[in-house]
Amino acid sequence: MKEINFYLIRHGETEWNKQNLMQGAKDSPLTEQGINGAKITGNYLSMVPFVAAYSSTQKRAMDTRDLIVAANHATTTSIPCATHCGLCEMNFGIWEGQEVSYLKSLPEFQPYLTDLARFDSQVNQGEHYLDVYARMRQALFDIIATHDSGNILIVSHGTALRLLIHVISGGDWTQHRDEILRPKLLNTSISLLNYRQSYPNQIGQFTLQQYNQVIHLT
């Protein structure tokens, strides 16, 4: 039997977040607020005994993970840290680094926002939502294969995490951007996903216990 609690956290605020620039495969450093948010999150989770901490291979996520882990006092042993490329943010192609306000004025940007079934990733030479979900799901199951129980920290990204959480909880991928069904994940928000597997050759069950919690930041 396996039972794992995943603490899914979006990275801290970055310079591109602050400037409202489209940020996916490209990176920008954490702002002072982003660093503080990661430290506050670390303090809030300081007594959670994590058995491992994962992040994407992108620096903004790795830095956030390391700041959270540095504040942990729940165990006398160091928390093993690792990266997984499957946890990276969606690649937005030629939209990367452009002002979101400008992109919203483009007709070809609208399917990405509101009509996801019609979104064609060839338009922006980036990734499709289904490809992002497939690699995020695979990353999660790679981690599950390595652990039988315990609390696991995962620091990833807004679009990728929002999609993963919505679909793996039973939602339709075309509705994961619906602000009522699944509000946008805030920087250093905490979502708690439980995984329980009763038999070795059986895919277990995911239960979303908490989504986009930011009470620790107020």
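Numbered per my numbering, the sequence shown spans residues 1 to 218.
We treat Cβ as the ideally placed atom computed from N, Cα and C, and that holds for glycine.
These figures come from a predicted structure and were not determined experimentally.
Margin query: By the three-class DSSP mapping on this structure, what secondary structure does Ala25 have?
Written below: By one-based count along the sequence shown, residue 25 stands at place 25. Correct three-state label for Ala25: coil.
Next item on the list: Would you mind listing the beta strand (DSSP E) stretches within the region 36-61 that are 3+ residues and don't spill past its ends, in chain order?
Entry: 50-55
Next item on the list: Measure the C-alpha to C-alpha separation of Arg196 and Ile144 and round it to an integer number of angstroms.
Entry: Within the sequence shown, numbered from 1, the residue matching residue 196 stands at position 196. Within the sequence shown, numbered from 1, the residue matching residue 144 stands at position 144. Distance between the alpha carbons of Arg196 and Ile144 is about 10 Å.
Next item on the list: Answer with buried or exposed for Ile215, where buried requires no fewer than 16 other C-beta atoms within 10 angstroms of its C-beta.
Entry: By one-based count along the sequence shown, residue 215 stands at place 215. Ile215 comes out exposed.
Checklist line | Any beta strand (DSSP E) of 3 or more consecutive residues that is wholly inside the region 133-167 | finding: 149-156
Checklist line | First and last residue of the uninterrupted alpha helix (DSSP H) at Tyr102 | finding: Along the sequence shown, read from residue 1 onward, the residue named residue 102 stands at position 102. Residues Val100 to Leu103.
Note to self: Suppose contacts are defined by Cβ-Cβ distances below 7 Å. Is Thr31 in contact with Thr188 by that definition?
What the structure shows: Counting from 1 along the sequence shown, the entry for residue 31 is found at position 31. Counting from 1 along the sequence shown, the entry for residue 188 is found at position 188. In this structure, Thr188 does not lie closer than 7 Å to Thr31 by Cβ.
Check: In this structure, does DSSP put Cys92 in helix, strand or coil?
Finding: Numbered from its first residue, the sequence shown carries residue 92 at position 92. For the sequence presented, residue 92 should be read as Phe rather than Cys. In this structure, Phe92 counts as coil in the three-state DSSP scheme.
Margin query: Between Gln210 and Ile190, how many whole angstroms is the CB-CB distance? I'm expecting something under 8 Å.
Written below: Residue numbering aside, residue 210 sits at position 210 when the sequence shown is read from its first letter. Residue numbering aside, residue 190 sits at position 190 when the sequence shown is read from its first letter. That pair is a contact at about 7 Å.
Next item on the list: Please decide whether Glu99 counts as near chain C, where near means a Cβ-Cβ distance under 7 Å.
Entry: This model lacks chain C altogether; it includes just one protein chain.
Check: Taking just the CA atoms, how far does Arg177 sit from Val123?
Finding: Residue numbering aside, residue 123 sits at position 123 when the sequence shown is read from its first letter. Residue numbering aside, residue 177 sits at position 177 when the sequence shown is read from its first letter. Computed Cα separation, rounded: 19 Å.
Checklist line | Residue span of the alpha helix (DSSP H) that contains Glu15, given as start and end | finding: Position 15 of the sequence shown, counted from the start, is the residue given in the question as residue 15. Glu15 to Lys18 is the extent of the alpha helix (DSSP H) around Glu15.
Margin query: Ile168 and Phe206 - do their beta-carbons sit closer together than 7 Å?
Written below: Looking up residue 206 in the sequence shown gives position 206. Looking up residue 168 in the sequence shown gives position 168. Result yes, Cβ atoms of Phe206 and Ile168 sit closer than 7 Å.
Check: Excluding sequence positions up to five away, which residues of its chain have a Cβ less than 6 Å from the Cβ of Asn5?
Finding: Start at 1 with the first residue of the sequence shown, and residue 5 comes out as number 5. Here the set comprises Asn151 and Asn194.
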